[in-house]
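**Student:**
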Amino acid sequence: MKKIVGLIAALALVSGCATPAKNTNKDDYYAKENALRKDYQQCLKKAGKGAAECQDEKDRLLEQMEWNLLDEST
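Letter by letter, the sequence shown follows residues -20 to -1, 1 to 54 of mature numbering (1 follows the signal peptide of the UniProt record, and there is no 0).
(1) For Tyr9, I'd like the list of residues in its chain whose CB is within less than 6 Å of its CB, leaving aside the five on either flank, ordered along the chain.
(2) Could you work out which residue in Asp7, Lys12, Glu46 and Tyr20 is closest to Cys34 when comparing CA atoms only?
(3) On the criterion of 16 or more Cβ atoms from any shown chain inside 10 Å, does Glu43 qualify as buried, or is it exposed?
(4) State the DSSP-derived secondary structure class of Ala31, mapped to helix, strand or coil.
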């Protein structure tokens, strides 16, 4: 029985059936990017457009966007 379960698991990994878990992580990254984008937009509304007070939010958003692009390229 253990051999059959192991064979099914190996087949799922080799055939690519296990990839939805990886896509879930990508969805998490994009959700984080969207949350950071909203934080940045809220900061801009609160402080005024181009406000220097929002630099931290902008930097975090840009960093997350870079990570997402790197993740897509792999």
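Every residue gets a Cβ at the ideal spot worked out from N, C-alpha and C, and that includes glycine.
Please read these numbers as outputs of a predicted model, since none were measured by experiment.
**Tutor:** Let me spell this out:
(1) Residue mapping note: residue 9 aligns to position 29 of the sequence shown, counting from 1. Around Tyr9, the same chain offers Asn48 as residues with beta carbons nearer than 6 Å, after the five sequence neighbours per side are excluded.
(2) Numbered from its first residue, the sequence shown carries residue 34 at position 54. Here the closest residue by C-alpha is Tyr20.
(3) Along the sequence shown, read from residue 1 onward, the residue named residue 43 stands at position 63. With fewer than 16 Cβ atoms within 10 Å of its Cβ, Glu43 is classed as exposed.
(4) For the purposes of this step, residue 31 is taken as residue 51 along the sequence shown, with counting starting at 1. Coil, per DSSP.
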